[in-house]
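> With our numbering applied, the sequence shown covers 1 to 455.
A virtual CB, placed ideally from N, CA and C, is assigned to each residue, including glycine.
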Amino acid sequence: MENIKWVVLGIAILMYILVIAFQEKKVWFTTIAAILVVILGIIFPSYIFDITGKAEDLLAGSSFNLHIYSITHSLFDLINWNVLMIYVGSMIIASLFIYSKVPVRIADTIVLKSKSTGFAIVAILAMTGIISIFVENVATLLVMAPIALALSKKLKINPTMFLIGLAVMSNLEGTATLVGDPPSMIFASFAGYSFNDFFFHNGHISIFFIIQSGMLAGCVFFYFLFARKSKDKIEVEKEPVISWMPSILLLTMIFGLAIISFIKTDFEYLSGLFVFALGIIGVIWYKWNQKKSKDEVKTLLKELDWETIFFLMGIFVVVGSIQETGLLDMFAGFLAKLASNSVFLGFLLVIFVSVVISGFIDNVPYILAMLPVANAMAIQMNIAPELYMFALLIGSCLGGNLTPYGASANVVSSGILKKEGYPLSFGGWLKVGIPFTIITTTVAAGFLWLFWRIF
Numbered sequence: 001m002e003n004i005k006w007v008v009l010g011i012a013i014l015m016y017i018l019v020i021a022f023q024e025k026k027v028w029f030t031t032i033a034a035i036l037v038v039i040l041g042i043i044f045p046s047y048i049f050d051i052t053g054k055a056e057d058l059l060a061g062s063s064f065n066l067h068i069y070s071i072t073h074s075l076f077d078l079i080n081w082n083v084l085m086i087y088v089g090s091m092i093i094a095s096l097f098i099y100s101k102v103p104v105r106i107a108d109t110i111v112l113k114s115k116s117t118g119f120a121i122v123a124i125l126a127m128t129g130i131i132s133i134f135v136e137n138v139a140t141l142l143v144m145a146p147i148a149l150a151l152s153k154k155l156k157i158n159p160t161m162f163l164i165g166l167a168v169m170s171n172l173e174g175t176a177t178l179v180g181d182p183p184s185m186i187f188a189s190f191a192g193y194s195f196n197d198f199f200f201h202n203g204h205i206s207i208f209f210i211i212q213s214g215m216l217a218g219c220v221f222f223y224f225l226f227a228r229k230s231k232d233k234i235e236v237e238k239e240p241v242i243s244w245m246p247s248i249l250l251l252t253m254i255f256g257l258a259i260i261s262f263i264k265t266d267f268e269y270l271s272g273l274f275v276f277a278l279g280i281i282g283v284i285w286y287k288w289n290q291k292k293s294k295d296e297v298k299t300l301l302k303e304l305d306w307e308t309i310f311f312l313m314g315i316f317v318v319v320g321s322i323q324e325t326g327l328l329d330m331f332a333g334f335l336a337k338l339a340s341n342s343v344f345l346g347f348l349l350v351i352f353v354s355v356v357i358s359g360f361i362d363n364v365p366y367i368l369a370m371l372p373v374a375n376a377m378a379i380q381m382n383i384a385p386e387l388y389m390f391a392l393l394i395g396s397c398l399g400g401n402l403t404p405y406g407a408s409a410n411v412v413s414s415g416i417l418k419k420e421g422y423p424l425s426f427g428g429w430l431k432v433g434i435p436f437t438i439i440t441t442t443v444a445a446g447f448l449w450l451f452w453r454i455f
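1. In three-state DSSP terms, what is ILE42?
2. How would you call ASN341, buried or exposed, if buried means at least 16 neighbouring beta carbons within 10 angstroms?
3. Can you tell which of ALA188, THR442, LEU96 and ALA148 has its C-alpha closest to the C-alpha of SER490?
4. Going by beta-carbon coordinates alone, are VAL38 and ILE4 separated by less than 8 Å?
5. If distances are taken between C-alpha atoms only, which option among GLY314, PHE199, PHE390 and LEU402 comes closest to PRO365?
6. Under the assumption that VAL412 contacts ILE164 (Cβ atoms under 8 Å), give the Cβ distance between them as a whole number of angstroms.
7. Quick check on the burial criterion: 16 or more other C-beta atoms within 10 angstroms. Buried or exposed for ALA429?
8. Go through the segment 154–208 residue by residue and report every complete run of the alpha helix (DSSP H) that reaches 4 residues or more, in order.
9. Can you grab the Cα-Cα spacing for the pair THR128 / PHE436, in whole Å?
10. In terms of residues, what are the limits of the alpha helix (DSSP H) holding SER310?
11. Can you have a look at ASN82 and say buried or exposed, based on whether 16 or more other CB atoms are within 10 angstroms of its CB?
12. Alpha carbon to alpha carbon, how far is SER461 from TYR193?
13. Taking only the alpha-carbon atoms, compute the straight-line gap between VAL168 and PRO183 and give it to the nearest angstrom.
14. With a threshold of 7 Å (Cβ to nearest heavy atom), would ILE322 be considered close to the ligand SAM?
15. Do VAL135 and VAL176 have their beta-carbon atoms positioned less than 8 Å apart in this structure?
16. Do SER271 and ILE86 have their C-beta atoms within less than 8 Å of each other?
17. Mark PRO404 as exposed unless 16 or more other C-beta atoms lie within 10 angstroms of its C-beta, in which case mark it buried.
18. Apply the 10 Å Cβ neighbour rule to ILE147 and answer buried if 16 or more other Cβ atoms are within range, or exposed otherwise.
19. Just curious, the alpha helix (DSSP H) that GLN380 is in, first and last residue?
20. Among the residues of its own chain, which have a CB less than 8 Å from the CB of LEU387, if the five just before and after it don't count?
21. Spatial neighbours of VAL8 within its chain, please: CB distance less than 7 Å, with the 5 preceding and 5 following residues excluded, ordered by chain position.
22. Report, in whole angstroms, the separation of the C-beta atoms of GLY399 and ILE92, which I expect to be a contact under 8 Å.
23. Is the CB-CB distance between LEU96 and PRO240 below 8 Å?
24. Taking PHE390 as the reference, which of LEU14, HIS204, VAL143 and ALA409 has the closest Cα?
25. Mind reading off the beta-carbon distance from LYS238 to THR109? Whole number of angstroms is fine, and I expect it under 8 Å.
26. DSSP three-state label for SER340, please.
27. Go ahead and label PHE119 buried or exposed: buried means 16 or more other beta carbons lie within 10 angstroms of its beta carbon, across all protein chains shown.
28. Please list the terminal residues of the continuous alpha helix (DSSP H) segment that includes ILE242.
29. How is the alpha helix (DSSP H) around SER413 delimited, first residue to last?
30. Starting from the C-beta of ALA258, find all residues in its chain whose C-beta is less than 7 Å away, skip the five residues before and the five after it, and write them out in chain order.
31. Verify whether the separation of the beta carbon atoms of ILE495 and GLU173 is less than 8 Å.
32. Hey, how far is the Cα of ILE351 from the Cα of GLY395?
33. Just the C-alpha distance for ALA332 and ALA376, rounded to the nearest angstrom, thanks.
34. Comparing alpha-carbon positions, which option in HIS73, ASN382, MET161 and PHE209 lies nearest ILE42?
35. Mind checking ASN382: buried by the 16 CB within 10 Å criterion, or exposed?
This is the structure we're talking about:
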């Protein structure tokens with residue numbers, strides 16, 4: 001029955017192929033794959049799931065206990081409900097933050113305060129990245145796109161570079177904090193990172209500052225690419241703010257997660273429940289304070305990214321099962337051997353593979369599959385696991401900027417440009433995506449190597 005683990009691997013590979021080929025049906029494929037894995041776990045529990053230390057107690061009752069364990073283990077151990085609650089709560093707060101018009105107001109202020117429009121363009125791109133630290137990337141793009149289009153019309157310039165810039169800058173900041181994007185939440189769950197650990201960990205600067213080095217490089221890139229040509233200063237009217245309450249909720253979430261990081265408790269759902277509760281408070285405020293109808297509240301909730309939630313649930317089960325069969329440890333050994341036990345070669349291998357793969361497929365399932373592999377590689381080479389796990393995050397998140405299909409924000413940005421009469425070809429995106437990805441990835445990777453290997 002040892003061959004059962006290869007059946008699980010076959011299911012996972014087929015799932016990934018179908019997800020890549022039919023993106024619009026990805027939830028169906030991950031759900032079906034998860035159900036198949038759970039069924040195999042019910043039939044062959046000791047070959048699918050890790051029951052070390054539990055087998056004697058489970059078998060003391062009956063084989064029925066093993067079957068029940070397989071189901072409950074899949075639902076409550078493999079699926080990370082803390083991550084899912086953080087994601088849902090932060091999505092609600094992000095939607096309300098956009099509704100409040102505060103981001104638009106900030107952008108207007110930047111334009112008025114900048115000494116030239118070129119600097120304003122770069123500042124807006126940087127602001128886009130900063131907002132996407134806390135707000136989903138596509139939502140951030142949709143908030144900032146009208147600002148970029150209006151500014152481009154006033155300057156009488158082609159908005160293509162500006163819109164590409166918004167997309168890639170929002171993608172770049174995805175893993176900077178615990179609440180940035182699903183990859184950062186997945187990493188935090190796997191590595192046991194708290195909110196504060198994203199800033200400093202074990203005396204080292206952590207992933208937040210590493211990503212910021214990439215963002216600074218990205219700002220310089222776009223300034224010299226097109227922003228420096230805009231030297232005039234223009235006047236804009238400030239957008240009125242609807243309410244500051246969503247901003248208060250956002251700040252409460254950030255500082256609350258920072259405080260929770262210092263609380264030592266065995267209750268693993270504390271941060272998730274906290275963010276989810278803030279989201280509920282936000283919905284109540286939206287309904288009663290803003291006097292919204294039930295239909296408007298339903299629309300707010302319906303437009304959240306529920307697809308990613310159910311997608312993650314299926315992926316958690318499938319990848320968790322692969323990990324428990326020991327297959328990922330075998331793959332880690334293969335990569336370590338391929339790197340000839342050279343730490344630097346392994347580092348480059350993780351980044352290069354991650355950039356190339358994430359340039360064409362969703363980075364969430366890739367990160368879920370590869371985090372245990374990167375960790376195991378680091379352990380086998382007797383180095384800090386963060387060196388390879390951070391390299392994985394950098395490569396997979398920045399690699400999404402490589403092509404117009406590498407991230408959802410890229411697809412949306414291309415759609416907006418087409419609608420505005422500036423259709424963008426695949427090659428047109430690559431002219432910006434390739435140098436931007438190479439520059440930002442190289443800077444961030446160099447920063448990571450400097451502080452996690454040399455010092």
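Considering the structure as presented:
1. helix
2. exposed
3. Only positions 1 to 455 of the chain appear in this structure, which leaves residue 490 out of reach.
4. no
5. GLY314
6. VAL412 to ILE164, Cβ: 12 Å. No contact.
7. The amino acid at residue 429 is misidentified as Ala; the sequence shows Trp. Under this definition TRP429 is a buried residue.
8. 160–172 and 182–191
9. 16 Å
10. Residue identity check: residue 310 is Phe in the sequence provided, not Ser. Unbroken alpha helix (DSSP H) run through PHE310: 306–325.
11. buried
12. Look at the range of the chain in this structure, 1 to 455, and you will see that residue 461 is not part of it.
13. About 16 Å.
14. This structure simply doesn't include the ligand SAM, nor any ligand for that matter.
15. Checking the sequence shown, residue 176 turns out to be Ala, not Val. Cβ atoms of ALA176 and VAL135: not closer than 8 Å.
16. yes
17. buried
18. buried
19. 363–380
20. VAL343, PHE347, ALA378, LEU448, TRP449, TRP452 and ARG453
21. VAL37, LEU40, ILE48, SER321, ILE322 and THR325
22. The Cβ separation is near 29 Å, so there is no contact.
23. no
24. HIS204
25. Between LYS238 and THR109 the beta-carbon gap is near 7 Å, inside 8 Å, which marks them as a contact.
26. coil
27. A buried status is given to PHE119, since no fewer than 16 other beta-carbon atoms sit within 10 Å of its beta-carbon.
28. Per DSSP, ILE242 belongs to no alpha helix (DSSP H) and is neither H nor E.
29. Its alpha helix (DSSP H) spans residues 408–419.
30. PHE195 and ASN196
31. Coverage of the chain is limited to positions 1 through 455, which leaves residue 495 absent and any answer about it impossible.
32. 5 Å
33. 6 Å
34. HIS73
35. exposed
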